[in-house]
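**Student:** This is the structure I want to talk about, given as structure tokens.
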Amino acid sequence: MREPILPAPERPDHPARGTAERPSGAGPSTAEAATPAGLPGADGRLPSAPAGLPGADRRLLAVLRSCGHRPGVALVARGLSRSGEHGALWLGAGLLAASVDRPRRDRWLRGTALIAGAHLASMGVKRLVRRPRPAPETYEPLVRTAGRHSFPSSHAASAAAAVVVFGALHPAAGRLAAPAALAMCLSRLVVGVHYPSDVAAGALLGAATAAAGRSLLTRAEAGR
4 MREPILPAPE
14 RPDHPARGTA
24 ERPSGAGPST
34 AEAATPAGLP
44 GADGRLPSAP
54 AGLPGADRRL
64 LAVLRSCGHR
74 PGVALVARGL
84 SRSGEHGALW
94 LGAGLLAASV
104 DRPRRDRWLR
114 GTALIAGAHL
124 ASMGVKRLVR
134 RPRPAPETYE
144 PLVRTAGRHS
154 FPSSHAASAA
164 AAVVVFGALH
174 PAAGRLAAPA
184 ALAMCLSRLV
194 VGVHYPSDVA
204 AGALLGAATA
214 AAGRSLLTRA
224 EAGR
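Residue numbers 4 to 227, in our numbering, belong to the letters of the sequence shown in order.
Here is the structure:
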């Protein structure tokens with residue numbers, strides 16, 4: 004007589020029914036992959052990012068980038084970002100002022116050159132630091148960028164330099180430039196192409212460059 008075949012005893016180290024073990028070295032689970040970079044995961048921790056980048060930098064970017072989901076905000080942010088490409092808005096404003104304010108034409112031209120110098124300085128620092136821009140698959144940029152590097156923001160550098168220059172040449176122009184420059188700096192975060200630290204560093208660099216060259220603004224009149 005044949006003995007009945009009994010089922011094998013359950014091994015205590017088997018995973019619970021309905022779950023599956025992931026092999027060593029496997030990629031993230033579906034839940035993990037669904038958590039966007041730059042935002043806290045289920046465990047409250049932030050995913051990996053460029054070395055040395057603080058979590059607050061990414062959190063603030065995530066908040067401001069989410070504002071760009073509103074069509075009106077996105078439209079304004081795109082317009083500001085595009086107008087500030089290569090410092091075009093501020094350089095154009097300086098040249099326009101030079102053509103209108105003929106008695107101080109030389110000073111306006113020197114100031115415009117300072118703004119251009121601040122922009123070039125930021126480009127030079129970018130080539131040294133080479134920080135990558137925020138991940139496009141995470142922050143979905145609303146505009147195209149002229150380069151791959153993020154730190155510092157050249158938009159912020161030229162905008163801050165313009166505030167210093169315009170304020171030195173014409174206080175009313177400086178008061179008008181200040182809120183426009185702030186809006187342009189914020190626009191770079193709303194469109195998702197810079198971290199807040201990029202913008203802050205760019206603004207500091209631009210303001211410092213313009214302040215260091217303020218003597219150029221009075222040299223023309225001193226020689227008369």
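Cβ coordinates follow ideal geometry from the N, Cα and C atoms, glycine included.
#1: What residue does the alpha helix (DSSP H) around residue 212 start on, and which one ends it?
#2: Is there contact between the region 176-183 and the region 116-124, where contact requires at least three CB pairs shorter than 8 Å?
#3: Give the DSSP-derived three-state secondary structure of residue 158 in the structure shown.
#4: Would you give the residue range spanned by the alpha helix (DSSP H) that residue 90 belongs to?
#5: Just curious, the alpha helix (DSSP H) that residue 148 is in, first and last residue?
#6: Which partner residues of residue 135 appear in the DSSP bridge assignment?
#7: Please state if the CB of residue 161 and the CB of residue 121 are separated by a distance shorter than 8 Å.
#8: Whose CA, out of 157, 167, 98, lies closest to the CA of residue 190?
#9: Classify residue 188 as buried or exposed, calling it buried when 16 or more other Cβ atoms lie within 10 Å of its own Cβ.
#10: Going straight from the alpha carbon of residue 106 to that of residue 166, what length do you get?
#11: Over the uninterrupted alpha helix (DSSP H) stretch that includes residue 66, give me the two end residues.
#12: Report the option in 184, 172, 79, 197 whose CA atom is closest to the CA atom of residue 104.
#13: Check whether the region 146-154 and the region 80-99 are in contact - that is, three or more C-beta pairs closer than 8 Å.
#14: Which residues mark the beginning and the end of the alpha helix (DSSP H) in which residue 182 is found?
**Tutor:** In this structure, then:
#1: Looking up residue 212 in the sequence shown gives position 209. Counting along the chain, the alpha helix (DSSP H) containing residue 212 begins and ends at 199-215.
#2: No, the region 176-183 is not in contact with the region 116-124.
#3: Taking the first residue of the sequence shown as position 1, residue 158 is located at position 155. In the structure shown, residue 158 adopts helical secondary structure according to DSSP, grouped into three states.
#4: Position 87 of the sequence shown, counting from 1, holds the residue named residue 90. That residue, residue 90, is in no alpha helix (DSSP H); it is neither H nor E in DSSP.
#5: Translated into positions along the sequence shown, residue 148 becomes position 145. In the DSSP assignment, residue 148 falls outside any alpha helix (DSSP H), carrying neither H nor E.
#6: Indexing the sequence shown from 1 puts residue 135 at position 132. DSSP lists 152 as the beta-bridge partner residues of residue 135.
#7: Stepping through the sequence shown from its first residue, residue 121 is reached at position 118. Stepping through the sequence shown from its first residue, residue 161 is reached at position 158. In terms of Cβ geometry, residue 121 and residue 161 form a close pair [threshold 8 Å].
#8: Here the question's residue 190 lines up with position 187 in the sequence shown. It is 157.
#9: Stepping through the sequence shown from its first residue, residue 188 is reached at position 185. By the C-beta density criterion, residue 188 is buried, having at least 16 other C-beta atoms within 10 angstroms.
#10: Residue numbering aside, residue 106 sits at position 103 when the sequence shown is read from its first letter. Residue numbering aside, residue 166 sits at position 163 when the sequence shown is read from its first letter. Rounded to whole angstroms, residue 106 to residue 166 spans 21 Å at the Cα level.
#11: Taking the sequence shown and counting its residues from 1, the one referred to as residue 66 is at position 63. Residue 66: member of the alpha helix (DSSP H) spanning 58-70, first to last residue.
#12: Against the sequence shown, residue 104 aligns to sequence position 101. Of 184, 172, 79, 197, the residue nearest in Cα terms is 172.
#13: Cβ pair count under 8 Å is three or more, so yes.
#14: Taking the first residue of the sequence shown as position 1, residue 182 is located at position 179. Bounds of the alpha helix (DSSP H) holding residue 182 are 174-193.
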